[in-house]
Amino acid sequence: MWRLTRMSLGVALAGAASGCIQVRAPEKPIEINLNVKIQQEVVVRLQQDAKDLIQNNPELFPQ
Amino acid sequence: MTYRHSIRAAALAALFSFGALGAAPAVAQDAVVSAAKAAGTVGEQSDGYLGINGSVSSEVRAAVDALNIKRRAAYTELAAKRGVTVQDMAAVTGCQTLASRVSQGQIYRIGSGPWETKGAGPIALPDYCGTATR
Chain V
441 MWRLTRMSLG
451 VALAGAASGC
461 IQVRAPEKPI
471 EINLNVKIQQ
481 EVVVRLQQDA
491 KDLIQNNPEL
501 FPQ
Chain Z
209 MTYRHSIRAA
219 ALAALFSFGA
229 LGAAPAVAQD
239 AVVSAAKAAG
249 TVGEQSDGYL
259 GINGSVSSEV
269 RAAVDALNIK
279 RRAAYTELAA
289 KRGVTVQDMA
299 AVTGCQTLAS
309 RVSQGQIYRI
319 GSGPWETKGA
329 GPIALPDYCG
339 TATR
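Residue numbers (the numbering used here), protein chains in the order written: chain V, 441 to 503; chain Z, 209 to 342.
Written as structure tokens, this is what we have:
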């Protein structure tokens with residue numbers, strides 16, 4: 441009985457091995473494009489700089 | 209000794225008078241440009257600088273030039289700090305000035321477009337301004 445169980449386990453494992461998912465590296469290198477986000481961050485930071493500049497130097501920006 | 213003192217006194221006097229002269233026009237430039245903005249002869253441009261619409265007095269022209277020079281100095285400093293071009297820094301500031309420093313009835317200009325008068329609503333900003341909050 442024990443032997444039978446071991447055998448069936450072996451068969452099951454073999455079956456699992458043959459049906460395993462193959463992971464293959466993509467042919468093209470993976471590129472993560474951060475440019476858009478970085479550009480947005482730069483703009484947001486510059487906008488804050490601009491706001492501060494106007495607030496701190498009202499004489500340069502008379503209304 | 210007296211001679212040296214008198215030189216020092218003269219230098220100090222010169223410094224003080226220069227300071228007084230230097231400080232006075234700064235306020236005046238401000239006021240002159242404000243008045244010209246209200247009169248519709250001077251307006252904000254999307255490039256971050258003040259522009260002149262039509263012909264103005266030499267006083268107004270001088271005040272606009274002086275403020276623009278000071279603005280450029282400020283843009284240059286910030287641009288260097290952030291690693292961007294002076295033009296970009298000026299243009300981003302232009303987004304802000306168009307959004308917050310132009311009152312209804314005052315004139316403004318986007319790019320090399322015509323001078324326009326601000327209405328009741330907000331100015332339609334260039335796309336690159338993104339979400340320039342006021």
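Ideal Cβ positions, reconstructed from N, Cα and C, are used throughout, including at glycine.
To which residues does DSSP link residue i through a beta bridge?
i: residue 190 of chain Z; result: Examination of residue 190 of chain Z is not possible in this model, given that chain Z is present from 209 through 342 alone.
i: residue 316 of chain Z; result: Z:252, Z:324
Identify whether residue i lies in helix, strand or coil by the three-state DSSP scheme.
i: residue 497 of chain V; result: coil
i: residue 301 of chain Z; result: helix
i: residue 481 of chain V; result: helix
i: residue 277 of chain Z; result: helix
i: residue 309 of chain Z; result: coil
i: residue 488 of chain V; result: helix
i: residue 227 of chain Z; result: Note on residue 227 of chain Z: pLDDT 43, under 50, position unreliable in the model; the coordinate value appears next. Residue state, collapsed to three classes: helix.
i: residue 243 of chain Z; result: helix
i: residue 502 of chain V; result: coil
i: residue 344 of chain Z; result: Look at the range of chain Z in this structure, 209 to 342, and you will see that residue 344 of chain Z is not part of it.
i: residue 282 of chain Z; result: helix
i: residue 460 of chain V; result: coil
i: residue 467 of chain V; result: coil
i: residue 166 of chain Z; result: The first residue shown for chain Z is 209 and the last is 342, placing residue 166 of chain Z beyond what the model contains.
i: residue 271 of chain Z; result: helix
i: residue 236 of chain Z; result: helix
i: residue 288 of chain Z; result: helix
For a test of your reading of the model: does the CB of residue i fall under 7 Å from any non-hydrogen atom of the ligand MG? Yes or no.
i: residue 495 of chain V; result: In the structure shown, the ligand MG is absent, as is every other ligand, since no ligand is present at all.
Counting only C-beta atoms, is residue i closer than 8 Å to chain A at any point?
i: residue 487 of chain V; result: The structure shown contains no chain A; its protein chains are V and Z.
> For the segment 245-278 of chain Z, which residues have a CB atom closer than 8 Å to at least one CB atom of chain V, in sequence order?
Replying inline: Closer than 8 Å at the C-beta level to chain V, one finds these residues of the segment 245-278 of chain Z: 245, 275, 278.
>> If the cut-off is 7 Å on Cβ atoms, which residues from the segment 309-335 of chain Z count as contacting chain V, listed in chain order?
In response: 309, 311
> Using 8 Å as the threshold, is the segment 292-305 of chain Z in touch with the segment 263-277 of chain Z, meaning 3 or more CB pairs across them?
Replying inline: no
> Counting pairs of beta carbons, one from the segment 302-318 of chain Z and one from the segment 245-258 of chain Z, are three or more of them closer than 8 Å?
Replying inline: yes
> Would the segment 239-249 of chain Z and the segment 282-293 of chain Z be scored as touching if the rule is three or more Cβ pairs under 8 Å?
Replying inline: no
> Got a sec: which bits of the segment 280-292 of chain Z sit with their beta carbon under 7 Å from any beta carbon on chain V, in order along the chain?
Replying inline: 282, 286, 290, 292
> Are at least three pairs of beta-carbons, each pair with one atom in the segment 489-503 of chain V and one in the segment 304-311 of chain Z, less than 8 Å apart?
Replying inline: yes
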